[in-house]
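Accompanying notes for the structure given below.
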Amino acid sequence: MIALALLAAAQAAPAIPARIERLLTRAPVIDGHNDLAWEIREGANAKVETVDLKADTTKRPHPLQTDIPRARAGHLGGQFWSVYIPASITGPAAVETTLEEIDIVRRFVAANPDAFAMATTADDIRRIQKSGRIASLLGVEGGHQIDGRLSVLREYKALGVGYMTLTHSKSLDWADSATDGPRANGLSDFGRKVVAEMNRIGMIVDVSHVSDATMAAALAASKAPVMASHSSARALADAPRNIPDDLLRAIGANGGVVMVNFYPAFLSRQWRAWDKARTDYAKSVGVPADVYGPRSAAPLVAWDAAHPEPLVTAATVADHVAHVARVAGVDHVGIGGDYDGISGTGPVGMKGVDGYPKVFAELARRGWSDTDLVKLSQGNILRVMERVEAVAKASAGMPPVDATAPN
Ligand SMILES: [Zn+2]
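Numbering-wise, numbering that gives the first Met the number 0 puts 76 at position 77 of the sequence shown, and it's gapless, one number per residue.
What follows is the structure, given as structure tokens:
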């Protein structure tokens with residue numbers, strides 16, 4: 000009997016990768032967040048056309064986690080490309096820098112028309128996926144990027160921006176960050192107007208990076224489902240910008256989606272402790288600690304050899320996906336890998352955009368059905384987009400919200 004059971008297991012095992020290949024070919028991954036645009040700006044001085052995304056970008060002097068061959072291998076079918084700028088850039092410069100970021104995305108999409116096409120709606124995504132290309136969407140990563148002006152928010156929408164994260168790492172006078180002290184204690188009056196205007200124009204409210212109080216206030220204010228474009232579960236890894244169970248339940252009740260982040264520090268307690276020790280050591284010897292492996296300074300390479308990195312794998316990611324599905328509901332979980340925002344790191348075997356199938360295979364081994372795996376890969380975010388589009392359509396004829404942030 001044992002021999003028969005082993006034989007059955009051996010026959011079942013190879014079936015899973017083939018099943019995932021078929022499933023993700025039919026319903027490829029739509030990822031909520033990728034920072035390639037900023038990496039091209041930093042690593043290639045914004046010279047977009049010098050970065051050949053058709054080639055293996057791991058060999059570049061400034062290696063990337065994203066290229067077309069790996070995106071194909073990973074069954075990426077839709078990507079919200081972040082037009083991130085640091086929270087330290089404020090005022091009119093924040094708007095200018097955001098426009099440059101949008102230009103970078105448009106340029107790498109235009110340079111690779113066989114692989115990418117711009118999209119703004121759920122229907123666009125479906126049409127582009129059918130043509131075998133990767134639907135390319137834009138996400139603004141922080142309310143500082145509108146410089147307190149709803150006119151700027153509306154023009155971002157006109158340029159094709161699909162979501163705005165309410166804050167990045169610093170609190171604003173109208174919304175608070177999870178990694179800064181409170182200034183708005185949730186959302187200010189203007190903050191609620193930002194959410195109302197996003198609902199009216201059909202831009203998704205993104206609650207990654209915001210404080211718990213701001214997330215609760217955004218959920219109370221929004222007439223449309225929200226997204227967390229790249230956030231994991233705080234019950235499993237105690238990062239301030241991971242989402243606690245009560246707010247996971249609230250996002251489920253709101254009809255939204257939590258797209259799980261692959262950054263090891265948001266996935267694993269052990270990795271967080273290791274990373275903190277590593278950062279403290281780097282500070283003590285005066286070298287930067289923000290990269291891992293061959294790009295590190297020499298003392299850190301030695302420290303890394305003496306302190307092996309705790310194992311974070313596709314199973315760790317699957318733990319977070321399963322937790323969000325259990326607490327918020329299986330209709331409210333997605334994938335937000337944060338590739339090229341987590342440069343040099345990532346779960347084992349998932350250090351680039353070819354990594355997604357490993358998570359799906361792990362969940363399949365745990366008994367997830369094809370129906371639920373398709374919800375995870377794209378069904379849930381497409382539903383959120385359609386509801387956000389419907390709320391905007393129902394708002395047709397409403398005048399623009401007329402407000403400016405108080406200075
Ligand atoms: Zn982020």
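Built from N, CA and C at the ideal position, the CB exists for glycine as well.
Asked: Considering just the uninterrupted stretch of the beta strand (DSSP E) at Ala31, what are its terminal residues?; Found: Note that residue 31 is Gly in the sequence shown here, rather than Ala. That run of the beta strand (DSSP E) goes 28-33.
Asked: Would the C-beta of Ser135 count as close to ligand 1, meaning under 7 Å from any of its heavy atoms?; Found: no
Asked: Just confirm the distance between the C-beta atoms of Gly333 and Asn379, as a whole number of angstroms; I'd bet it's less than 8 Å.; Found: 5 Å
Asked: Going by the CB atoms, is the gap between Gln269 and Ala26 shorter than 8 Å?; Found: no
Asked: Excluding the 5 residues preceding and the 5 following Ala174 in the sequence, name in chain order all residues of the same chain whose CB lies nearer than 7 Å to its CB.; Found: Gly142, Leu165, Thr166, Ala183, Leu186, Gly190, Val209, Thr213
Asked: Kindly list the residues whose CB is nearer than 8 Å to the CB of Ile15, restricted to its own chain and excluding five residues on each side of it in sequence; keep chain order.; Found: Ala360, Ala363, Arg364
Asked: Cutting at 8 Å between CB atoms, please list the residues of its own chain near Asp274, excluding the five before and the five after it.; Found: Pro263, Ala264
Asked: Using only alpha-carbon positions, find the residue among Thr312, Pro309, Ala281 that is nearest to Pro298.; Found: Ala281
Asked: Considering only the beta carbon of each residue, do Leu375 and Ile124 sit closer than 8 Å?; Found: no
Asked: Can you check which of these residues, Ser267, His229, Ala249, is closest to Met258 by C-alpha distance?; Found: His229
Asked: Residues in the same chain with beta-carbon distance under 7 Å from Val300, minus the five sequence neighbours each way, listed in chain order, please.; Found: none
Asked: Would you check whether ligand 1 has a heavy atom nearer than 7 Å to the C-beta of Glu41?; Found: no
Asked: What did DSSP end up calling Met349 once you bin it into helix, strand or coil?; Found: coil
Asked: Just curious, the alpha helix (DSSP H) that Ala43 is in, first and last residue?; Found: Neither: Ala43 is in no alpha helix (DSSP H) and is coded neither H nor E.
Asked: Is the beta carbon of His319 within less than 7 Å of some heavy atom of ligand 1?; Found: no
Asked: Under the criterion of a Cβ to heavy atom distance below 7 Å, does Glu140 qualify as lining ligand 1?; Found: yes
Asked: Considering only C-alpha positions, which residue in the set Val320, Ala304, Ala252, Asp279 is nearest to Ala215?; Found: Ala252
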